[in-house]
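Line order of the protein sequences matches chains L and F. Quick note on numbering: the working numbering labels position 73 of the first sequence as 73, and the sequence is numbered without any gaps. Numbers in the working numbering are just positions in the second sequence, counted from 1, shifted up by 1000. Heads up, the beta-carbon is just placed ideally off N, CA and C, and yes, glycines get one too. Notes for the one structure printed next.
Protein chains: 2
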Amino acid sequence: MTTTMTTAKIRQILGKRGLKVTPQRAVIMEFMMGTKSHPTAEEIYEAVKDALPGLSKGTLYNVLNALVDANILSTVVLEPGAIRYDANVSNHHHFIDVDTGQIYDIPWDRVQNLFNAPGEGFCVADYQVTFYGVMAQNSPKRPKPEHP
Amino acid sequence: MTTTMTTAKIRQILGKRGLKVTPQRAVIMEFMMGTKSHPTAEEIYEAVKDALPGLSKGTLYNVLNALVDANILSTVVLEPGAIRYDANVSNHHHFIDVDTGQIYDIPWDRVQNLFNAPGEGFCVADYQVTFYGVMAQNSPKRPKPEHP
DNA sequence: TTGTATGCAAACGGTTTGCAATGCG
DNA sequence: CGCATTGCAAACCGTTTGCATACAA
Chain L
1 MTTTMTTAKI
11 RQILGKRGLK
21 VTPQRAVIME
31 FMMGTKSHPT
41 AEEIYEAVKD
51 ALPGLSKGTL
61 YNVLNALVDA
71 NILSTVVLEP
81 GAIRYDANVS
91 NHHHFIDVDT
101 GQIYDIPWDR
111 VQNLFNAPGE
121 GFCVADYQVT
131 FYGVMAQNSP
141 KRPKPEHP
Chain F
1001 MTTTMTTAKI
1011 RQILGKRGLK
1021 VTPQRAVIME
1031 FMMGTKSHPT
1041 AEEIYEAVKD
1051 ALPGLSKGTL
1061 YNVLNALVDA
1071 NILSTVVLEP
1081 GAIRYDANVS
1091 NHHHFIDVDT
1101 GQIYDIPWDR
1111 VQNLFNAPGE
1121 GFCVADYQVT
1131 FYGVMAQNSP
1141 KRPKPEHP
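What follows is the structure, given as structure tokens:
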């Protein structure tokens, strides 16, 4: 895990929401701000356990729920069985690569306005598109294999 | 639960897929074909337990998984914690009434073609839109209160 | 110092699995 | 008759909860 965000910045974000700064919160936030992979709680646990050897699952969920409540993280449910966490809290869509399992954020404005799509009687307040497909082999967005 | 489909029709659907006809499958199918409510396994269990007093949860999941595998039912995950089942197996979108919790199917062709929306490099094979909002009070689609 | 956050362990809810008994074709 | 399906109970997995201790403000 590489450090991508200063402790000061994290203190500021937490402080602004009236949340205390704990090592657990700082490390988990730093990891989440530095990834776009939409990890599950289990994956976050694996990622931070070197930096937080004593971390318990209970505390992990406690921290994640606090950050979600404070609107620092958002959640997505794309498959049954696990909640995924995302540091991108602005409105956006998702693309799931069915080959690699990678999940990509799709900017909100790439999809045309669909507020009226459902038709008469449906008062749409929000919507979200989930795309399924494969990322082009030559796309720079495609993750490189670990051992080429 | 009202009978909306003949036993013969159910036998035909199951037979075509090479599935044996059991009372459990017949009753569960009949209930699912007659509802648009996207019930969870628990809700299906409650709905059919009068007709199938001995039904076990294990068998319920066994039946539901068999019907999903045979493409007689489809699944949706709209919230964490529970899979919802739908007798509508054709491509469609969903509208969730955030007041009532009701889930409505939105026909596929009410949403314009979004295959190219994510942009360069994303080869979209499929997509699905989830709308959140409220159904107009005067809409005929809105469910009537149990005790007006 | 005070109240909130942590660690641990037990509980929880939805779903799956193993196995003997039943029943459909 | 033979194999698929059922019922039951235990196991599983992600998540929540309760409580005593530790710690940020």
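Next on the checklist: Per DSSP, what are the beta-bridge partners of F/Q1128 in this structure?
Outcome noted: Taking the first residue of the second sequence as position 1, residue 1128 of chain F is located at position 128. Answer by DSSP bridge pairing, in chain order: L/T130.
Next on the checklist: Is any non-hydrogen atom of the ligand HEM found closer than 7 Å to the C-beta of L/K16, if you look at the structure I gave you?
Outcome noted: This structure does not include the ligand HEM; it has no bound ligands of any sort.
Item to check | Cross-chain neighbours of F/I1083 in chain L, by beta carbon under 8 Å | outcome: Within the second sequence, numbered from 1, the residue matching residue 1083 of chain F stands at position 83. Those within 8 Å of F/I1083 in chain L are P80.
Next on the checklist: In chain order, what are the residue ranges of uninterrupted beta strand (DSSP E) at least 3 long that sit wholly in the segment 60–102 of chain L?
Outcome noted: 74–76, 84–86, 92–97
Item to check | Residue(s) in a DSSP beta bridge with F/D1162 | outcome: Residue 1162 of chain F cannot be examined here, being either before or after the span of chain F that is shown, 1001 to 1148.
Item to check | chain F contacts made by the segment 94–120 of chain L, where a contact means CB separation under 8 Å | outcome: So the list reads F95, V98, Y104, I106, R110, V111, Q112, L114, A117, P118, G119, E120, given in the order they occur along the chain.
Item to check | Supposed contact pair L/G133 and F/V1124 - C-beta distance, whole angstroms, cut 8 Å | outcome: Translated into the one-based positions of the second sequence, residue 1124 of chain F becomes position 124. Translated into the one-based positions of the first sequence, residue 133 of chain L becomes position 133. Sure, about 4 Å apart at Cβ, within 8 Å.
Next on the checklist: Just to make sure I have the definition right: I need the residues of chain L whose C-beta is within less than 8 Å of the C-beta of F/D1126. Which are they?
Outcome noted: Here residue 1126 of chain F refers to the residue found at position 126 of the second sequence. The answer, in chain order, is F131, Y132, G133.
Next on the checklist: For F/T1040, tell me which candidate among F/V1089, F/K1016, F/I1103, F/D1099 has the shortest Cα-Cα distance.
Outcome noted: Here residue 1040 of chain F refers to the residue found at position 40 of the second sequence. It is F/I1103.
Checklist entry - How many angstroms separate the CA atom of F/H1156 from the CA atom of F/N1116? => result For residue 1156 of chain F there is no data in the structure shown, the boundaries of chain F being 1001 and 1148.
Checklist entry - Which parts of the segment 1026–1057 of chain F are runs of the alpha helix (DSSP H), unbroken and 4 residues or longer, counting only runs that do not cross its ends? => result 1041–1048
Checklist entry - In chain F, which residues lie less than 9 Å from L/V77 when you measure between Cβ atoms? => result In the first sequence, counting from the first residue as 1, residue 77 of chain L sits at position 77. Per Cβ cutoff of 9 Å: V1077, L1078, E1079, P1080, G1081.
Item to check | Strand pairing of F/F1122, partner residues [DSSP] | outcome: Within the second sequence, the letter at position 122 stands for residue 1122 of chain F. Per DSSP, L/M135.
Next on the checklist: Let's test the definition: count the other Cβ atoms within 10 Å of the Cβ of L/D99 and tell me whether it reaches 16, buried, or not, exposed.
Outcome noted: Position 99 of the first sequence, counted from the first residue, corresponds to residue 99 of chain L. So L/D99 ends up on the exposed side.
Checklist entry - Along chain F, which residues have their Cβ under 7 Å away from the Cβ of L/K141? => result For the purposes of this step, residue 141 of chain L is taken as residue 141 along the first sequence, with counting starting at 1. G1121, listed in chain order.
Next on the checklist: Report the CB separation of F/V1068 from F/R1025 in whole angstroms; it is logged as a contact under 8 Å.
Outcome noted: In the second sequence, the residue the question calls residue 1068 of chain F occupies position 68. In the second sequence, the residue the question calls residue 1025 of chain F occupies position 25. The pair is not a contact, with the Cβ atoms about 12 Å apart (cut-off 8 Å).
Item to check | When L/N71, L/E43, L/V76, L/P143 are compared against L/L60, the one with the closest alpha-carbon | outcome: The residue labelled residue 60 of chain L in the question sits at position 60 within the first sequence. Of the candidates L/N71, L/E43, L/V76, L/P143, the one whose C-alpha sits nearest the C-alpha of L/L60 is L/E43.
Item to check | For L/L19, the three-state DSSP class (helix, strand or coil) | outcome: Here the question's residue 19 of chain L lines up with position 19 in the first sequence. Collapsing the DSSP output to three states places L/L19 in coil.
Item to check | Coil, strand or helix - L/Q112 by DSSP | outcome: As a first step, residue 112 of chain L is located in the first sequence; it is residue number 112 there, counting from the start. The answer is coil: DSSP assigns L/Q112 none of H, G, I, E or B.
Checklist entry - Looking at the structure shown, is F/K1009 part of a helix, part of a strand, or coil, going by DSSP? => result Position 9 of the second sequence, counted from the first residue, corresponds to residue 1009 of chain F. If DSSP states are grouped into helix, strand and coil, F/K1009 belongs with the helices.
Checklist entry - Around the C-beta of L/P118, are 16 or more other C-beta atoms found within 10 angstroms, so that it is buried, or is it exposed? => result Taking the first residue of the first sequence as 1, we reach residue 118 of chain L at position 118. L/P118 is buried by the Cβ-count criterion.
Checklist entry - Does any CB atom of chain L fall closer than 8 Å to the CB of F/A1066? => result Counting from one through the second sequence, the residue named residue 1066 of chain F turns up at place 66. It does not: the Cβ of F/A1066 has no partner Cβ on chain L nearer than 8 Å.
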